[in-house]
Structures are given as structure tokens and as C-alpha cells.
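In the working numbering, the protein residues as written are -2 to 108. Positions of the beta carbon are idealized from the N, C-alpha and C atoms, including for glycine.
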Amino acid sequence: MPRKNPGERWRYIAFSIEGETPVTRNDFLGSLLHASKGTPLQDSFRITVFEGDFGILKVPHRLKDESIAVLTSMDSVRGAHCKVVTLKTSGTIKTLKQKYADRIESREDTY
């Protein structure tokens, strides 16, 4: 992901994956990279949270609409049919983590 430019703002997009088979983070990332190739979103995003069938994507605010279009256009991950549904968009990740806390595995921070 490119470094933040001065004045750059981020959007966080919560999404769910509906499908018959479980999807791993790496498999989903590979499919998302493939789906975003040749679009303005290419190399401009980061999956900040991925828990089973739920995730949060971090994108530059100007690419929010393109990001949603790419996510909803995905119909398979590693050959397994699935549907990606966007749930909510926010300017802060904290809002989404609070709203979807039941979907995110709570982990103790170990430092």
C-alpha cells in the first residue's frame, strides 16, 4: 500500500463473504488483487481485519466507490463460488470494529 500523502483520508469498508466453502485471508487477498488489476484501486488498499467470512478493507477516500464496485464484482475465490456483500463504510476503523465486534475475534494484545 502506498504511503499516505499529506491530506489523504481513508475509508474503511466492512464486507462479508457469502459462500459454501470457508475462505482464507490469503486466498481472498489474491482474488481481490486479481479483481482490482487495471482499476484505480490496484495496489491502493489493505485488508485490516479478516475473520472467516467478515473483513474490513482500508482504501483512500477517493477510491471508495471503485472499491465497492470491485468487491461486489467478485464472484469466486480460488475457484469456489462466493458473493461479497458490502455492509457499511466509515471514516474510522473504530466505528466498524465497535459495530461488528461480535464478528471480530477478540484477542489479547501481547507485547
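Locate the beta strand (DSSP E) running through residue i, then write down its first and last residues.
i, result
"Ile14", "Trp7 to Gly16"
According to DSSP, simplified to helix, strand and coil, what is residue i?
i, result
"Leu93", "helix"
"Ser28", "helix"
"Ser41", "coil"
To which residues of the same chain is residue i closer than 7 Å at the C-beta, ignoring the five residues directly before and after it?
i, result
"Ser13", "Asp50, Phe51, Val82 and Leu84"
"Arg100", "Glu48 and Phe51"
"Thr107", "Legend: pLDDT at Thr107 = 38, less than 50; position of this residue unreliable, no value from coordinates given."
Counting only the same chain and skipping the five closest in sequence on each side, list residues whose C-beta sits under 6 Å from that of residue i.
i, result
"Thr18", "Ala77"
"Thr89", "none"
"Arg22", "Phe47"
Strictly by DSSP, which residues pair up with residue i?
i, result
"Thr86", "Ile10"
"Val20", "Looking at the DSSP assignment, Val20 forms no beta bridge with any residue, so it has no partner."
Who are the near neighbours of residue i in its chain, counting only those whose CB is closer than 8 Å to its CB and skipping five residues on each side?
i, result
"Ser28", "Met71, Ser73, Val74 and Arg75"
"Lys61", "Arg8, Ile10 and Thr86"
"Thr69", "Val81, Val82 and Thr83"
"Glu102", "Glu48"
Q | Every unbroken beta strand (DSSP E) inside the segment 43 to 77 [3 residues or more] | A | 43 to 48 and 51 to 57
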